[in-house]
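S.K.: Sending over a structure as C-alpha cells; questions will come in a sec.
Protein chains: 2
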Amino acid sequence: MSADDRRFEVLRAIVADYVATHEPVGSKALVERHQLNVSAATIRHDMAVLEEDGFIAQPHTSAGRVPTDKGYRLFVDRLAAVKPLSPAERHAIQRFLAESVDLDDVLRRSVRLLSQLTHQVAVVQYPTLTRATVRHIEVVPLGPGRLLIVVITDSGRVEQRVVELPADATEESVALLRIKLAESVNGRRLAEAAAAVEQLPGQVSSRSSGLFSAVAAVLTRTFVDSPEERLVLSGTSNLSSAWIDQPSTLRGVLEALDEQVTLLKLLALATADSVTVRIGEENDDANLAASALVTAGYGAGSTVMGGLAVVGPTRMDYPGTMAAVRAVARYVGELLGER
Amino acid sequence: MSADDRRFEVLRAIVADYVATHEPVGSKALVERHQLNVSAATIRHDMAVLEEDGFIAQPHTSAGRVPTDKGYRLFVDRLAAVKPLSPAERHAIQRFLAESVDLDDVLRRSVRLLSQLTHQVAVVQYPTLTRATVRHIEVVPLGPGRLLIVVITDSGRVEQRVVELPADATEESVALLRIKLAESVNGRRLAEAAAAVEQLPGQVSSRSSGLFSAVAAVLTRTFVDSPEERLVLSGTSNLSSAWIDQPSTLRGVLEALDEQVTLLKLLALATADSVTVRIGEENDDANLAASALVTAGYGAGSTVMGGLAVVGPTRMDYPGTMAAVRAVARYVGELLGER
DNA sequence: ACTTGGCACTCGCCGGTGCCGAGCGCCAAT
DNA sequence: ATTGGCGCTCGGCACCGGCGAGTGCCAAGT
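Dropping the structure here:
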C-alpha cells in the first residue's frame with residue numbers, strides 16, 4: 045500500500061468516524077478504531093497533508109479534523125461501486141412497493157420507504173410532463189361556459205385543466221372537439237400533442253374555431269410552456285434529529301423543501317439509473333449549502349420519467365443512502381414501466 | 045373596574061408581552077408597558093392569585109410569569125369577537141385568491157397566503173369526499189384488463205381509481221357501464237352513489253355483472269370505507285424561527301405534520317365559519333402538546349367541505365391568527381361555492 | 001525515504017466562584 | 001383594597017484555572 049493509498053484510507057476512516065460520532069476525529073482515536081497498522085504520529089502527518097490539500101479541516105485549533113465538502117466528494121468518487129443492499133432488504137422493498145395500486149400510491153410508498161431506509165428526508169418527483177406521452181384525453185362539460193380537459197399520460201399521471209368557453213360554443217362543437225382531440229393527441233408527446241391541437245382551429249367551421257383555440261391555448265400554456273411539476277415529501281420529522289448540531293442551517297433546508305423550485309431544478313438533472321451526489325456548495329442554492337443531495341432518475345429503460353432524492357446534512361451515510369436511492373429508483377421505474 | 049376585571053387585564057397584558065418578547069414577564073415591566081393605573085405591588089398580588097388559579101406559572105423561582113395553556117384558553121375565550129382584518133388586507137387576500145384557476149390552485153394559494161399572513165405553518169384540507177356529490181363520472185380504458193374511473197365532485201376535486209377487470213369483460217359491457225354509471229351517480233353524494241352502483245350488477249346480464257361488481261367494489265372501498273383525504277402544507281420554513289426557543293418540541297410538530305393523520309382528525313372537527321382554537325394539551329396528541337392549532341371549516345353556506353388550520357407554538361398571536369384563518373376560510377368557501 | 005516516539009504548545013471544555021439584578025412574598029401603613 | 005418598603009431567592013454572566021485532547025515539529029531509528 046502506497047503512502048497515497050494510505051492517506052485515502054485515513055480520509056475514509058475520518059469520514060466513517062465523523063458520520064458515526066458527529067465529533068471531530070483525532071489521530072489517536074483513528075488508530076484505535078481502525079486497522080491502519082501505523083502510529084498516531086504518521087497519521088498526524090497524513091492528516092496535515094490532507095488538510096493542506098483541502099480534504100479535511102479543523103473546526104478550531106487543537107481539535108480533531110472534519111471532512112470538508114471536497115473531502116466527502118473524493119470519498120464518494122472513490123467508492124468503486126455502490127454496494128448493493130442485502131437480498132432480504134431488496135425483497136422487502138419490492139414486496140412493499142408491489143402492493144401499490146396506482147401512480148399516487150407508488151410514489152407515496154416510495155418516498156415513505158426511502159425516508160425510512162435512510163432516516164432522512166426523501167423527495168419524489170411526479171413523472172415529468174415534458175417527456176410524457178398522452179394515453180387518453182377526455183372532455184367533461186362543467187356546467188355553462190366551462191369545460192374540463194382530463195389528460196392521462198402513459199405513466200398513469202392524470203391532469204385536469206379548466207377551460208373557459210367562448211360565449212358562442214355549442215354542444216355540437218364540444219362533441220366535435222372530443223373526437224378531434226382523441227384523433228390528434230393519443231400516443232403523442234405532450235408538446236407534439238399541443239402543437240397538433242394548435243392546428244385544429246383552422247380545420248373546423250368558424251363557429252367552432254373559438255372553442256378550439258381556447259382549448260389549444262390552455263393546453264399549450266399549462267403543458268408546454270409551464271408544465272406543472274409535483275413533488276412528494278416524506279420523513280421531514282427526521283430533520284430534527286439529523287440537524288440537532290447545526291440548527292442554524294435548518295432554516296435553509298426547510299426553506300428549500302418549502303419552495304420546491306430548487307429541488308425541482310436539481311431533480312431535473314437526474315439521469316436514469318445512475319446515482320448522483322451533490323455535496324454542500326455544489327448545490328448552487330445557498331439554502332442547501334450545508335446539505336447533501338443523493339438523487340437518481342427513474343424510468344422505463346433509458347427514458348427518464350422523473351427523479352427522486354434524499355436530502356440530508358453533508359455528514360451522512362453516503363454508501364447506504366446511495367444504495368437505497370438506487371434500489372428504490374429501480375423498482376419505481378419497473379413498476380411504472382408496466383403501466 | 046372590579047378587581048376581577050383587572051386581574052383579567054393583567055393576564056391579557058402578560059399574554060401580549062410574552063408573545064411579543066418570548067421572555068417571562070415581571071410585575072414591573074407590566075406596569076411600565078401598560079396603562080394599568082395601579083402599582084407593581086398590586087400587580088404582584090394579582091399575579092399570585094392568577095398563579096394559584098393556574099393561569100400563569102413561573103419557569104423558576106424569582107423569574108417572571110408565563111401564561112399556561114389554561115391562561116391562553118381564558119384569554120382566547122374572552123376575546124369578545126374576532127377582530128376583522130383591515131379592508132386593505134381583505135382586498136389583497138380576495139384579489140390574490142380570485143386569480144386562481146382551479147381547485148388545486150385555490151388551495152395552494154390559500155395555504156401559501158395563510159402561512160405568509162401568520163408567519164406560521166398553514167394546512168389546508170382538500171374538500172372532503174364524504175360530503176361531496178358527484179358532478180361527473182368518466183370511464184377510461186387503460187389497455188387490456190384495466191379501467192380507470194375518473195370522478196369529479198362538485199367542489200372540483202378530481203379523483204381517479206384503477207380497476208382490474210375480470211377476464212371476461214367485453215367492450216360492450218364497458219360501454220354499458222359508462223351509460224349506467226352516468227345515470228346512477230350524477231348529482232348524488234359519494235356514499236349514495238356507491239350504494240347505487242352496488243345495485244347495478246343485478247340489473248345487467250350475467251356476462252357484465254362481474255365487471256360491474258369489480259367497479260362497485262373499488263368505488264365503495266376507496267370512496268366510502270376509506271376515502272382519501274389530502275392535505276397541503278405551506279410555510280414549514282417558519283418553523284425554524286417560531287421554535288428556536290424550544291427546539292426539543294420541534295420534533296413532535298414535524299412528526300405531526302409528516303403523519304397527517306392527527307391533523308386530519310383535528311380538521312374533521314372544524315365547523316363552518318367559526319374559528320376553533322386548540323391549545324397545548326387540548327390536542328390529545330402528545331406530539332402537539334407544545335403547539336396550538338387555529339382551525340376553521342370552509343364551505344358553501346352551512347355545508348362544510350373541508351378545514352384549514354394554522355399550527356404554531358402556544359405562544360402565538362391568537363387574535364391575528366384567528367382573523368387570518370377566518371378570512372381565508374371565508375374566501376375559499378366563496379370561491380369553491382361558485383364552481 | 002518513511003516511520004516513530006517524545007515534547008512543548010494551543011485552546012476548547014468544564015466546574016467553581018462571586019457578583020448583579022430582576023422578581024417575589026410578606027407586611028405594616030394608608 | 002392599595003401601596004411602598006424590605007429581605008430573600010436564584011438565574012445569568014463573567015472570570016478563572018486546571019484538564020486533556022489534539023497538534024506540529026524534530027531528532028532518532030529502520
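Chain order of the listed sequences is A and B.
Going from the first sequence to this note's numbering is simple: count from 1 and add 44.
Going from the second sequence to this note's numbering is simple: count from 1 and add 44.
Where a beta carbon is used, it is the ideal one built from N, C-alpha and C, also for glycine.
Mind the definition here: the stretch 330-339 of chain A touches the stretch 186-202 of chain A only if three or more C-beta pairs lie below 8 Å; say whether that holds.
M.R.: Flag = no, the stretch 330-339 of chain A and the stretch 186-202 of chain A do not touch.
S.K.: Is it buried or exposed, V385/A, if we count other Cβ atoms within 10 angstroms and call 16 or more buried?
M.R.: What is shown of chain A runs 45 to 383, which leaves residue 385/A out entirely.
S.K.: Taking 7 Å as the limit between beta carbons, can you name the residues of its chain near Y375/B, skipping five residues before and five after?
M.R.: I137, Q138 and L141, listed in sequence order.
S.K.: Confirm, please, whether the CB-CB distance from V150/A to L379/A is below 9 Å.
M.R.: Taking 9 Å as the Cβ cut-off, L379/A and V150/A qualify as a contacting pair.
S.K.: For R152/A, which three-state DSSP category applies?
M.R.: Correct three-state label for R152/A: helix.
S.K.: Hey, R205/B and V268/B: beta-carbon distance below 9 Å or not?
M.R.: No, the Cβ-Cβ distance between R205/B and V268/B is not below 9 Å.
S.K.: Return the bridge partner residues of Y116/A from the DSSP annotation.
M.R.: Answer by DSSP bridge pairing: none, since Y116/A is not bridged.
S.K.: Kindly give me the distance between the Cβ atoms of L158/B and V372/B, rounded to whole angstroms, as I take these residues to be in contact under 8 Å.
M.R.: Contact holds; Cβ gap of about 5 Å.
S.K.: For the alpha helix (DSSP H) that V372/B lies in, which residues bound it at each end?
M.R.: Its alpha helix (DSSP H) spans residues Y362 to E382.
S.K.: Got a sec, what are the start and stop residues for the alpha helix (DSSP H) L311/B sits in?
M.R.: It spans V305 to A312 - the alpha helix (DSSP H) in which L311/B sits, taken as one unbroken run.
S.K.: My guess is that V194/A and E182/A are in contact by the Cβ rule of under 8 Å, so how many angstroms apart are they, rounded?
M.R.: Right, their Cβ atoms sit about 4 Å apart.
S.K.: Cα separation between A260/A and V218/A?
M.R.: So the alpha carbons of these two residues sit roughly 13 Å apart.
S.K.: Whose CA, out of V54/B, L221/B and G351/B, lies closest to the CA of A314/B?
M.R.: Nearest option by C-alpha distance: G351/B.
S.K.: Taking H89/A as the reference, give the member of Y62/A, F52/A, V229/A and V178/A with the closest Cα.
M.R.: Comparing Cα positions, the closest option is F52/A.
S.K.: Taking only three categories from DSSP, how would you classify V262/A?
M.R.: Three-state result, V262/A: helix.
S.K.: So with Cβ pairs under 9 Å, would you call H104/B a contact of chain A?
M.R.: For H104/B, the answer is no, since every Cβ of chain A falls outside 9 Å of its Cβ.
S.K.: Against R295/B, what residues of chain A qualify as contacts under a CB-to-CB distance less than 9 Å, listed in chain order?
M.R.: Here the neighbours are S281, L283, S284 and S285.
S.K.: Would a C-beta distance cut-off of 9 Å place Y116/B and G324/B closer than the cut-off?
M.R.: Yes; because the gap between Cβ atoms is below 9 Å, this pair is in contact.
S.K.: From T327/A to L123/B, what does the alpha carbon distance come to, in whole angstroms?
M.R.: Residue identity differs from the one stated: residue 327/A is Asn in this sequence, not Thr. Going from the Cα of N327/A to the Cα of L123/B covers about 48 Å.
S.K.: Specify the secondary structure class of L129/A as computed by DSSP and reduced to three states.
M.R.: Note: L129/A maps to coil in three-state DSSP.
S.K.: So which of A211/A, V305/A, T347/A and L221/A has the shortest CA-CA distance to L332/A?
M.R.: The shortest C-alpha separation from L332/A is found at V305/A.
S.K.: Nearest to T107/B by alpha carbon, out of E96/B, V321/B and E67/B?
M.R.: Here residue 107/B is Ala; the residue named in the question, Thr, does not match the sequence. Answer by Cα proximity: E67/B.
S.K.: In the stretch 155-200 of chain A, which residue ranges form an unbroken beta strand (DSSP E) of at least 3 residues, counting only runs that do not cross its ends?
M.R.: If we require 3 residues or more, the beta strand (DSSP E) runs fully inside the stretch 155-200 of chain A come out as 165-169, 178-185 and 190-197.
S.K.: Across which residues does DSSP place Q204/B in a beta bridge pair?
M.R.: In DSSP, Q204/B forms a bridge with V194/B.
S.K.: Quick one: measure Cβ to Cβ for A395/B and K127/B, integer angstroms, because I've assumed they're closer than 8 Å.
M.R.: No information on residue 395/B is available, as it lies outside the stretch 45 to 383 that chain B covers here.
S.K.: Tell me which same chain residues have a C-beta within less than 7 Å of the C-beta of R370/A, skipping the five on either side of it?
M.R.: Around R370/A: V126, V319 and A340.
S.K.: Which residues in the same chain have their Cβ closer than 7 Å to the Cβ of A300/A, if we skip the five residues on either side of it in sequence?
M.R.: The residues are T306, L307, D329, N331 and L332.
S.K.: Within 9 Å of any Cβ in chain B, is that where the Cβ of S335/A sits?
M.R.: So no, S335/A is outside the interface.
S.K.: Does DSSP put A238/A in a helix, in a strand, or in coil?
M.R.: Helix, per DSSP.
S.K.: What residues from chain B crowd round I196/A, counting only those whose CB sits closer than 7 Å?
M.R.: Chain B residues near I196/A: V184 and L192.
S.K.: Just tell me which of L55/B, G364/B and G381/B has its CA closest to the CA of E19/B.
M.R.: Limits of chain B in this structure are 45 at one end and 383 at the other, which puts residue 19/B out of reach.
S.K.: Counting along the chain, where does the alpha helix (DSSP H) carrying L94/B start and finish?
M.R.: Counting along the chain, the alpha helix (DSSP H) containing L94/B begins and ends at A84 to E96.
S.K.: With 9 Å as the C-beta to C-beta threshold (strictly closer), list the residues of the stretch 160-183 of chain A near chain B in chain order.
M.R.: Cβ contacts with chain B come from R179, H180 and E182.
S.K.: At 8 Å on the CB atoms, spell out the chain B contacts of D146/A, in chain order.
M.R.: Ordered by position in chain B, the residues that pass the 8 Å Cβ test against D146/A are Q204, R205 and V206.
S.K.: So, are the CB atoms of R232/A and T177/A less than 9 Å apart?
M.R.: It is a contact, given that the beta carbons lie within the stated cut-off.
S.K.: Hey, could you find the ends of the beta strand (DSSP E) L30/A is sitting in?
M.R.: Lying before the first or after the last residue shown, residue 30/A is absent from chain A, which here runs from 45 to 383.
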